[in-house]
Amino acid sequence: MLWLQVFVNGLAVGGLYACIAVGFSLVWGVLSVINILHGSLIVLGGYLAFFAHQQWGINPLLFAPVAGAVLFVLGAGVQGLVINHVMARPFLITLLLTFGLNLFLDNSMLALFSADYRKVLLDPPLGVFDLGAIVVPADRIYATVIGLILIGLLALLLRTTQLGRAIIAVRMDRDAAALLGIDVRRTYAIAFGLGAFMAGCAGALLSVIFPISPVASAGYLGKAFVICVLGGLGSIPGAVLGGFALGIIESFGALFLGPEHAMTLAFLLLILLLAVRPSGLLGKRGFA
Amino acid sequence: MRPLLEITGVTKRFRGLVALDNINLALAPGEIVGLIGPNGAGKTTLVNVITGVHKADEGDITFSGRSIKRERPDRIARLGIARTFQVVQPFPAMTVLENVTAAALFAGGAASIAEARDAAAHHLEFCGLADQAGKPASALTLAGRKRLELAKSLALRPKLLMLDEVNAGLNPAEIDNALELIASIANRGITIFLIEHLMKVVTRTAQRVIVLHHGRLIADGPVAQVLSDETVVEAYLGRRFAERMAGAGI
Amino acid sequence: MSGILLDVQGLEVAYGDVQVVWSADLVVRHGTTTALIGSNGAGKSTLLRALSGLLRPLRGSIVIGGRDLAGASPRDFVDNGIAHVPEGRRLFTGLSVHDNLLLGAYRRQDGKAAIRADLERMYDLFPRLAERRRQDATTMSGGEQQMCAIARGLMAAPRLLLIDELSLGLAPAVVDQLVETLHRVRADGASLLVVEQDVGIALELADHVYIMDQGRTVRNGPSDVIAADSSILAAYMGT
Amino acid sequence: QDKLLIGAPLPVTGALSPEGTKLKQGYELWQDQVNAAGGIKVGDQQLKVELRYYDYQSATPRAIQLAEKLITDDKVNFLFSPFGSGATKATSAVAEKYGVPMIASSASSVEVFDQGYKNLFGVYTDNSTFSEPIAELVKTKLPDAKRVAILARNDLYPLSLANEFEKSAKKRGLEVVFFEKYAIGTLDHASALTQLRATNPDWIIVTGYINDLITVRKQAADLRISGSVFTLINGPAYQEWIDAVGPLAENVTTASWFHPVVKYQSDDVFGSSAKFVELFKQKYGSEPDFTQASGAAVGVVLQLAIERAGSTDHDKVRTELQKGGFKTFFGPISFAPSGIANSYVPPVLQIQNGKVEVVVPQEIATSEFRTAPQN
Amino acid sequence: MTLRLVLIAAATVLAIFGLAQADAYVIRLATIFGMYATLALSWNIIGGFAGYPSFATAAFFGLGAYITAVGQNAGLPLPVAVALSGAVAALFAGLLGTAILHLRGRYFAIASLVVAEVLRELTNSWTDVTGGGMGINLPLIDGSVIGQAQFYLVAMLSLAAIALAATIWLDRSRLGMALRCIAQNEDAAQIIGVDTRKAKTFGFMLSSLFVGFVGGVYASWVTYIDPTDVYDGALSIKPILMALLGGVGTIFGPLLGAFTYLALEELLWRNLLEFHAGILGLMVVLLVLFLPGGLSEIRGRGLFHLLTRRRQPS
Ligand SMILES: Nc1ncnc2c1ncn2[C@@H]1O[C@H](COP(=O)(O)OP(=O)(O)OP(=O)(O)O)[C@@H](O)[C@H]1O
Ligand SMILES: Nc1ncnc2c1ncn2[C@@H]1O[C@H](COP(=O)(O)OP(=O)(O)OP(=O)(O)O)[C@@H](O)[C@H]1O
Ligand SMILES: CC(C)C[C@H](N)C(=O)O
Ligand SMILES: [Mg+2]
Ligand SMILES: [Mg+2]
């Protein structure tokens with residue numbers, strides 16, 4: 131019984147983890163950029179949702195795509211105007227670039243919104259599904275479902291649209307893609323934008339569950355990062371799998387080793403995985 | 067006498083693709099042997115397997131009597147097997163001298179960097195690169211880079227030298243110089259395994275030719291005999307070439 | 016003689032400070048196949064890269080249908096009817112044959128119907144591809160990959176198709192098959208500029224042949240003429 | 093010398109920045125008052141107060157270096173501590189090294205004060221002054237409450253506080269059926285709470301900082317956790333916490349070292365708790381919480397000590413501080429030999445109808461303690 | 029050549045003792061400089077010479093800090109504890125190396141990045157030894173206030189000097205040559221007989237040795253450490269930034285990089301209470317954008333191209 135509940139907890143948070151990680155994974159996969167900015171983008175998405183709810187009472191769960199859209203513009207802009215200039219250089223350069231951008235965005239949010247923790251309060255609250263033996267918070271289920279739907283759409287976009295093919299093409303072979311008339315820089319911008327889009331959605335979805343504050347960004351980045359390595363760099367199904375895997379590992383880690391060791395277990399498994407199978411649980415071929 | 071290098075039943079697969087299929091061959095000390103075959107036949111792969119870059123899936127490789135099948139590339143290099151890269155691979159940010167010095171230092175048995183540097187200078191001289199010593203390797207012309215590859219290999223003081231298309235991309239004049247160089251290397255008693263697309267080169271330098279096709283060894287023997295061999299003509303040279311050769315009376 | 020499709024004059028190309036093509040002059044006429052031969056490293060691929068906008072030439076002109084595209088972006092070349100099948104095929108891992116072909120039509124504006132029609136055309140030009148349309152393109156054999164690459168190029172509905180190293184790594188049988196297909200392609204109206212290592216194949220395939228040596232186009236003429244003069248081949252092809 | 097320079101390392105950025113802002117508000121309200129009144133009276137002259145802030149980025153070692161920098165480079169006369177027990181404990185070593193008195197705004201763990209330092213004075217009473225009254229409350233109001241569950245953030249103050257609660261509970265014959273720690277930066281508490289629920293406790297205690305406690309409260313509800321008493325520290329005393337959890341705040345008990353309802357008459361610049369609250373509302377438009385108040389409290393304590401000493405000499409002022417007996421808006425403040433305040437009883441609070449009510453001590457209680465079971 | 033070394037050595041010694049006379053604030057900054065410089069120089073060994081983008085600096089730093097802290101609380105004298113810190117860090121690097129040095133590029137970066145996270149978690153949860161989240165205090169060294177300050181100044185700057193000396197040695201040593209070959213083309217390096225595995229591991233160990241030392245001295249200097257502080261990811265990124273600033277793979281580049289970065293950081297931080305981090309971020313962005321690209325390409329370049337250009341062997 132306890133185990134079942136713990137397992138369900140793992141799933142419930144795993145879904146959220148997946149949302150956190152997908153955008154990071156996409157950017158990593160397509161652009162070979164380790165996007166330190168990702169965590170802050172999630173937080174920003176959270177703030178958008180929070181204010182939308184405060185001003186117009188829009189439910190963040192429904193607002194998610196809008197928050198995503200705003201961040202898409204932002205992300206595409208950043209890639210197009212800044213990061214594109216150093217795409218040809220080793221990932222270390224782009225990493226430091228996003229590190230700098232992150233310092234800036236974090237500090238800006240701190241100045242604009244203050245660090246006070248805020249949280250969206252749904253009225254009436256969504257409550258929980260009480261299945262007798264176990265209980266599952268409704269908001270997590272809805273958030274996960276919406277998140278997975280958005281991820282599905284993203285995967286669909288990458289799989290079936292000309293744009294999606296172009297993105298994968300650029301990722302696989304920049305020159306060959308250019309030969310087909312694909313505008314590489316523009317495609318990069320769009321890809322980064324999509325990553326930011328997912329970050330925005332994640333932020334909005336999380337805003338009903340976790341408190342929002344600029345100081346939360348590092349935590350999200352850390353998770354995204356672990357999940358992607360677990361699941362496989364740059365693979366969307368990998369990110370989803372990694373998300374659920376981490377959720378469940380942490381959940382049972384807390385049960386067996388005590389809550390303060392929950393993450394330790396995950397990290398140890400991670401190191402192990404890196405040593406034996408650096409490409410993560412799911413390899414690094416293609417998308418969706 | 068005992069062969070310097072002996073390859074028995076070596077097979078190498080890349081996922082599905084069989085790049086080398088049960089290869090058997092032996093090189094006698096001091097020999098100059100040509101290796102030809104269409105693109106993708108497995109020539110470079112064979113070199114990679116001998117030098118330990120790739121591990122053979124089956125079969126064994128012995129070098130002057132001892133099996134080197136499981137050795138790491140650096141050990142094999144120190145044992146006396148040198149190779150040049152088809153796609154030349156210098157250390158771009160180092161000077162030409164430093165490039166060769168490194169080689170002399172790590173596998174050339176030089177005791178100190180200074181000693182290695184002297185040895186290197188000497189090898190550059192030998193390869194006609196002395197005047198380029200101070201340049202960064204990346205600044206060399208293609209021909210220059212190929213010579214640098216040679217100088218580096220020599221600096222390893224190898225018993226066996228494998229040249230992977232050192233002449234590809236050189237013009238006739240450059241090729242002639244390269245051939246002289248190879249000849250003088252051979253005169254030092256170094257065994258040479260010569261991978262080539264250019265028949266002219268093979269016919270002029272090699273005493274013996276081996277033909278790879280789709281990873282299989284389809285011919286091994288004296289040059290003239292192999293080049294007129296039916297299967298070889300079919301698989302690689304092509305009818306027209308054969309006719310032309312007949313015409314040119316090679 | 017049909018009109019001029021591509022006119023290249025005094026082209027010079029370099030990689031950074033390494034100049035590779037010193038002077039290339041070459042003409043391709045409508046509805047013909049032109050072959051470009053020369054020893055390894057002569058600069059053939061480099062020239063082709065310049066003719067599809069991958070490399071920006073130092074000097075010289077690339078006139079296509081009256082417009083000089085020297086220095087334009089690959090997109091402009093595609094939009095002006097040039098498609099390039101690069102050395103080593105360069106198909107996209109993780110994408111099916113089908114997707115690779117669709118990407119070939121990336122810049123086409125003439126509507127889904129036309130594109131779908133061309134897809135079907137490709138599949139009957141290369142039946143092998145039809146069988147494997149769902150397979151990850153890069154898991155196919157060299158020959159099939161070359162077909163896919165050529166088909167991808169044709170999907171752009173080009174006026175001129177550039178093919179680098181047509182027969183590279185392919186079994187003679189496959190090569191013969193490709194040669195047949197390319198004859199059909201030309202019959203359908205597209206022109207071809209083919210870089211080929213194997214002189215024999217080049218001569219068989221092309222109406223007109225250019226010989227490149229050390230970055231210069233040194234000789235050219237109708238295939239039969241070149242073929243007749245073995246001294247040329249001896250001099251430049253090391254055979 | 094016509095001004096008094098006070099060094100104040102602040103966590104402006106990083107994890108503690110919310111508290112950093114609060115402290116700064118307290119400092120500045122006090123500073124305004126003093127300077128408006130002409131400054132601090134030292135003998136016959138009046139010294140205007142100048143505060144020298146630097147951001148220690150919520151990183152304790154940075155705070156330590158800062159304390160040193162403030163003393164040696166900025167040559168400040170006195171120090172206000174950084175936020176929280178951890179950083180305060182670390183910086184107190186520096187203050188001790190240079191013999192500069194440091195008033196601690198927000199350190200309440202005995203571990204901070206048991207180092208035998210002479211220059212550290214904290215305006216908070218120690219953590220047991222939270223655990224004792226609440227445990228007593230539970231004991232008396234719910235005689236049949238037996239089982240206690242404690243979940244603590246693995247961090248100096250929250251852990252120390254949790255230990256105090258364990259002691260107080262055991263002392264009263266209650267059984268601690270669950271005591272677990274959660275790592276700093278834990279995002280999700282479902283698993284811990286699920287285990288906690290399995291021990292079906294009557295009294296649940298969770299220690300941590302505001303963000304932890306927002307998440308914990310919500311997840312407890314998600315997991316249908318019900319105990320008759322729910323004690324969360326520190327968070328519920330902050331208005332942001334109540335706003336963040338909404339109805340779930342109902343009946344949660346907590347405690348804090350200050351609350352606007354306290355009614356002290358004082359001989360500091362404010363004159364009384366009421367006046368302080370009023371001025372604070374004027375300046376910042378909200379009621380002060382205990383952290384904001386403690387910012388002003390360290391100011392008034394230092395001021396009273398200096399004025400009594402009639403000098404800014406470290407030794408003289410230190411002696412006055414040790415004497416104690418300051419009547420401040422924050423409460424009557426004297427320090428134990430260790431330097432921790434031991435002169436007032438912090439109010440125990442409970443959230444009722446979305447408002448913070450004082451339930452203990454009786455004199456200032458604004459409402460009866462409620463034991464309605466949690467939803 | 030040797031003359032030049034002697035001069036450098038002399039200059040360093042003079043500089044250190046000269047600085048020791050300065051006022052407390054300068055001493056503090058100089059001490060931090062020593063720390064930054066050592067970290068940058070250490071990273072440069074694995075990241076610059078060998079071209080392996082390590083993000084493990086924070087891991088070795090934290091490890092070193094805790095070894096010293098725990099060691100001193102167990103009664104070890106400071107020098108012994110610090111020495112132990114370096115040794116353990118290096119050994120740990122050796123073990124770690126066998127696990128992750130076969131990864132290249134991004135994969136190695138990621139793997140190395142995770143290490144600090146793991147150690148932080150372990151330190152956090154191993155409460156009875158490390159004090160967990162409560163952090164851990166270190167005994168104050170005795171001596172006058174200024175005396176202590178000078179002690180740590182000399183300690184840190186000496187570490188920097190040693191790291192610099194090691195770098196100079198490395199630059200002419202077999203190992204250095206091997207690492208440079210690996211950085212530029214690992215396969216080619218193997219083919220010319222470089223035992224890449226051994227070289228990489230030694231490089232990694234050497235690099236982490238100094239980081240371990242610094243961690244130890246730092247812990248004793250600040251007298252209190254806790255996991256979040258000493259395993260802070262910024263500790264991994266800053267040295268890279270510094271090396272990049274001054275010129276990756278050069279000898280003096282990291283020094284100059286450390287100096288510039290510290291100056292920048294201190295300046296902004298002193299003058300902007302609320303927004304120093306943001307501006308620092310912008311600076312980083314600009315620096316990265318206008319630095320010559322590419323790890324291998326920027327060998328010998330960086331802001332201080334002229335000063336840091338490597339000598340051509342004559
Ligand atoms: N690392 C590898 N992974 C997968 N396949 C490989 C690898 N290396 C070579 N191959 C495949 O093995 C086959 C033989 O390649 P190889 O390079 O040996 O041919 P080659 O005879 O050297 O051709 P060329 O004359 O062009 O150099 C080719 O089909 C090639 O694609
Ligand atoms: N990316 C590059 N950077 C620098 N030099 C290059 C590059 N690619 C090719 N080269 C050089 O340019 C010259 C011509 O190369 P190119 O590939 O054009 O010759 P090619 O005629 O296509 O030879 P092959 O028949 O072997 O394909 C060669 O010397 C080659 O080394
Ligand atoms: C503001 C309070 C929660 C700080 C706490 N008293 C501590 O000692 O850290
Ligand atoms: Mg080859
Ligand atoms: Mg080519």
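Protein chains in written order, with the working numbering: chain P, 131 to 418; chain L, 67 to 316; chain U, 16 to 254; chain D, 93 to 467; chain W, 29 to 342. Every residue gets a Cβ at the ideal spot worked out from N, C-alpha and C, and that includes glycine.
Per DSSP, residue i is paired with what?
i, result
"residue 273 (chain D)", "D:244"
"residue 95 (chain D)", "D:140"
"residue 108 (chain U)", "In the DSSP output, where bridge partners are listed per residue, residue 108 (chain U) has none listed."
"residue 285 (chain L)", "L:277"
"residue 72 (chain L)", "L:92, L:128"
To the nearest whole angstrom, what separates the beta carbons of residue i and residue j, a pair I think is in contact under 8 angstroms?
i, j, result
"residue 213 (chain P)", "residue 322 (chain P)", "7 angstroms"
"residue 379 (chain D)", "residue 393 (chain D)", "Contact flag wrong, Cβ pair sits at about 22 angstroms."
"residue 152 (chain D)", "residue 182 (chain D)", "5 angstroms"
Relative to ligand 3, is the shortest distance from any of its heavy atoms to the C-beta of residue i smaller than 7 angstroms?
i, result
"residue 365 (chain D)", "no"
"residue 111 (chain D)", "yes"
"residue 201 (chain D)", "yes"
"residue 176 (chain D)", "yes"
"residue 198 (chain D)", "yes"
"residue 216 (chain D)", "yes"
"residue 249 (chain D)", "yes"
"residue 434 (chain D)", "no"
Quiz item: For the region 98-109 of chain U, which residues have a CB atom closer than 9 angstroms to at least one CB atom of chain P, in sequence order?
Solution: Taking 9 angstroms as the Cβ-Cβ cut-off against chain P, the residues of the region 98-109 of chain U that qualify are 98, 99, 100, 101, 104, 105, 106, 107, 108, 109.
Exercise. Report the residues of the region 219-245 of chain W with a CB closer than 7 angstroms to any CB of chain L, ordered along the chain.
Key: Residues 219, 220, 221, 222, 223, 224.
Exercise. Could you pull out every unbroken alpha helix (DSSP H) segment of at least 4 residues lying fully inside the region 83-146 of chain W, listed in chain order?
Key: Listed in chain order, the alpha helix (DSSP H) elements of length 4 or more contained wholly in the region 83-146 of chain W are 85-101, 106-128.
Quiz item: Between the region 201-213 of chain W and chain L, which residues of the former have CB atoms less than 9 angstroms from a CB of the latter, in chain order?
Solution: Here the close residues are 201, 202, 205, 206, 208, 209, 211, 212, 213.
Quiz item: Going along the region 172-191 of chain L in order, which residues come within less than 9 angstroms of chain W, judged by CB to CB distance?
Solution: Of all residues in the region 172-191 of chain L, 172, 173, 174, 178, 179, 182, 183 have a Cβ within less than 9 angstroms of some Cβ in chain W.
Quiz prompt | Any beta strand (DSSP E) of 3 or more consecutive residues that is wholly inside the region 119-175 of chain L | solution = You should have 124-129, 147-149.
Self-check item: Every unbroken alpha helix (DSSP H) inside the region 151-224 of chain U [4 residues or more]
Solution: DSSP runs (the alpha helix (DSSP H)) wholly in the region 151-224 of chain U: 157-169, 187-202, 214-220.
Exercise. With 7 angstroms as the C-beta to C-beta threshold (strictly closer), list the residues of the region 106-137 of chain U near chain P in chain order.
Key: Hits within the stretch, in order: 107, 108, 109, 110, 114, 117, 118, 119, 121, 122.
Exercise. With 8 angstroms as the limit, tell me which residues of the region 234-247 of chain D have their beta carbon closer than that to any beta carbon of chain P; keep them in chain order.
Key: So the list reads 243, 246, given in the order they occur along the chain.
Quiz item: Of the residues that make up the region 331-348 of chain P, which ones have a beta carbon closer than 9 angstroms to any beta carbon in chain D?
Solution: Correct list: 339, 340, 341, 343, 344, 345, 346, 348.
Quiz item: Listed from N- to C-terminal order along the chain, which residues in the region 211-234 of chain L have their beta-carbon within a distance smaller than 8 angstroms of any beta-carbon of chain W?
Solution: Taking 8 angstroms as the Cβ-Cβ cut-off against chain W, the residues of the region 211-234 of chain L that qualify are 218, 221, 222.
Exercise. Closer than 9 angstroms, Cβ to Cβ, to anything on chain P: give me those residues from the region 248-274 of chain D, in chain order.
Key: Those would be 272, 273, 274, in chain order.
Quiz item: Using Cβ-Cβ distances below 7 angstroms, what residues of the region 292-315 of chain P are close to chain U?
Solution: Result list: 292, 295, 296, 298, 299, 302, 303, 305, 306, 308, 309, 310, 311, 312, 313.
Quiz prompt | Continuous alpha helix (DSSP H) assignments of at least 4 residues falling wholly in the region 188-250 of chain D | solution = DSSP runs (the alpha helix (DSSP H)) wholly in the region 188-250 of chain D: 202-205, 220-233.
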